[in-house]
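S.K.: Structure below; questions to follow.
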Amino acid sequence: MPKKKKIAAEVISQKVLAEGIMDLKLKTVLAEDANPGQFIGIYPKNKSTLLPRPISICEFDKSEQTLRIVYRIAGSGTAEFALYDDNTMVDILGILGNGFPTDKADAKDVLIIGGGIGVPPLLGLSKELFDKKAAKSVKMVMGYRNADTFLADEFSKYGDLYIATEDGSVGTKGNVIDACRENGIKADVIYACGPMPMLRGVASYAKEISAKAYISLEERMACGVGACLGCVCKTKNIDEHSHVNNARICTDGPVFDADDLEI
């Protein structure tokens, strides 16, 4: 794994993608080390907020040295990020986390499931699987609150896309598992990212259809480098650092084999 760096990055574009959802592109050499499912920490310029905000990488272009970040405005830090214009310089820490094990998709029927702000990191994964053409098939199920189905048009370029919305305005009315059942979707391998209740449902559905699931946890993080133990999750294995059945999401994850977790 490449050594983590704190480095200045340049904002080259930013736009509103949906209500409260921002689409930010950064120019940085760290893009050369990025893989689907990894994340960066972005430092607010407001010095009263010392810690970086962890945000998943939506897409990356190694040759252009760009990272695309799609994030929800959820507090003072992300509210500050939303004000950045082109050419703003921002300190970032990366590349962080382990990312999705894309080699597990080889010659397999793959199902990619995302929910809410867990949708963006799956776009880079979908693109990579499409470009490699290693999977036997790729289906995607994305869950939203309403008709603000951000990134859906882009997902549809890379495979069969199914949508679930809480209010039923688009696709299946209900959650992502309801959409899987309604459309009879089966798979050998599942990759997923979203809120914990959704990931519990994904883990259960994976067992139901005898699939292997790799899930990305979206818990709150503090330091982002494994020192504070502020983002531990329960596992079935003993952690070498804490010597208990814990794992640090920031350094051991955020992607885990669902069979290894107690969620």
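If you use my numbering, the sequence shown corresponds to residues 1169 to 1431, in order. Glycine residues also receive a C-beta, built at the ideal position from the N, C-alpha and C atoms.
Ala1332 and Asp1346: beta carbons closer than 9 Å?
M.R.: Yes, the pair counts as a contact, with Cβ atoms nearer than the cut-off.
S.K.: Over the uninterrupted alpha helix (DSSP H) stretch that includes Leu1219, give me the two end residues.
M.R.: Per DSSP, Leu1219 belongs to no alpha helix (DSSP H) and is neither H nor E.
S.K.: Indicate whether the contact test is met: 3 or more Cβ pairs, each with one atom in the region 1351 to 1360 and one in the region 1376 to 1386, closer than 8 Å.
M.R.: Segments in contact, yes.
S.K.: How should Val1370 be labelled, buried or exposed, when 16 other C-beta atoms within 10 angstroms of its C-beta is the threshold for buried?
M.R.: Burial call: buried.
S.K.: Rounded to whole angstroms, what's the CA-CA distance from Glu1178 to Glu1200? Just pull it up for me.
M.R.: C-alpha separation (whole angstroms): 15 Å.
S.K.: Nearest CA to the CA of Gly1265: which residue from Tyr1239, Pro1204, Arg1236 and Asp1277?
M.R.: Ranking Tyr1239, Pro1204, Arg1236 and Asp1277 by Cα distance to Gly1265 puts Pro1204 first.
S.K.: Between Leu1291 and Phe1323, is the Cβ-Cβ spacing less than 9 Å?
M.R.: Yes.
S.K.: Look at Lys1193 and Ile1175 and say whether their C-beta atoms are less than 9 Å apart.
M.R.: Not closer than 9 Å, so no.
S.K.: Could you give the DSSP three-state label for Ser1378: helix, strand or coil?
M.R.: If DSSP states are grouped into helix, strand and coil, Ser1378 belongs with coil.
S.K.: In whole angstroms, give me the CA-to-CA distance for Ile1285 and Gly1362.
M.R.: One C-alpha to the other measures close to 7 Å.
S.K.: In the structure shown, what three-state DSSP assignment does Arg1416 receive?
M.R.: Strand at Arg1416.
S.K.: For Leu1319 and Met1190, I'd like the C-alpha separation in whole angstroms.
M.R.: One C-alpha to the other measures close to 11 Å.
S.K.: Which residue marks the beginning of the beta strand (DSSP E) containing Lys1195, and which one marks its end?
M.R.: It spans Ile1189 to Lys1195 - the beta strand (DSSP E) in which Lys1195 sits, taken as one unbroken run.
S.K.: Spatial neighbours of Met1364 within its chain, please: CB distance less than 7 Å, with the 5 preceding and 5 following residues excluded, ordered by chain position.
M.R.: Same-chain partners within the cutoff: Ile1431.
S.K.: For Val1357, report the span of its alpha helix (DSSP H) as first-last.
M.R.: Val1357 -> not in any alpha helix (DSSP H); beta strand (DSSP E) instead, spanning Val1357 to Cys1361.
S.K.: Using only alpha-carbon positions, find the residue among Thr1256, Ala1273 and Gly1209 that is nearest to Gly1262.
M.R.: Residue Gly1209 is the option with its Cα nearest to Gly1262.
S.K.: Extract the residue ranges of the alpha helix (DSSP H) inside the region 1212 to 1291, only unbroken runs of 4 or more that lie entirely within it.
M.R.: The qualifying runs are 1244 to 1249.
S.K.: Residue range of the beta strand (DSSP E) that Glu1350 falls in?
M.R.: Unbroken run through Glu1350 is the alpha helix (DSSP H), Val1344 to Glu1350; no beta strand (DSSP E).
S.K.: Identify the residues that DSSP records as bridge partners of Lys1331: which are they?
M.R.: This sequence places Ile at residue 1331; Lys is not what is there. Answer is Met1310.
S.K.: Compute the Euclidean distance between the alpha carbons of Ala1415 and Pro1422, then round it to the nearest angstrom.
M.R.: Distance between the alpha carbons of Ala1415 and Pro1422 is about 10 Å.
S.K.: Helix, strand or coil for Ser1372 per DSSP?
M.R.: Looking at Ser1372 - three-state DSSP - the assignment turns out to be helix.
S.K.: Indicate whether the contact test is met: 3 or more Cβ pairs, each with one atom in the region 1273 to 1283 and one in the region 1242 to 1250, closer than 8 Å.
M.R.: Too few Cβ pairs lie closer than 8 Å, so no.
S.K.: Taking 8 Å as the limit between beta carbons, can you name the residues of its chain near Glu1187, skipping five residues before and five after?
M.R.: So the list reads Asp1316, once near-sequence residues are dropped.
S.K.: If we ignore side chains and look at the alpha-carbon of each, how far apart do Leu1329 and Ser1216 end up?
M.R.: Distance between the alpha carbons of Leu1329 and Ser1216 is about 42 Å.
S.K.: Indicate whether Ile1281 and Cys1348 have their beta-carbon atoms separated by less than 9 Å.
M.R.: Closer than 9 Å, so yes.
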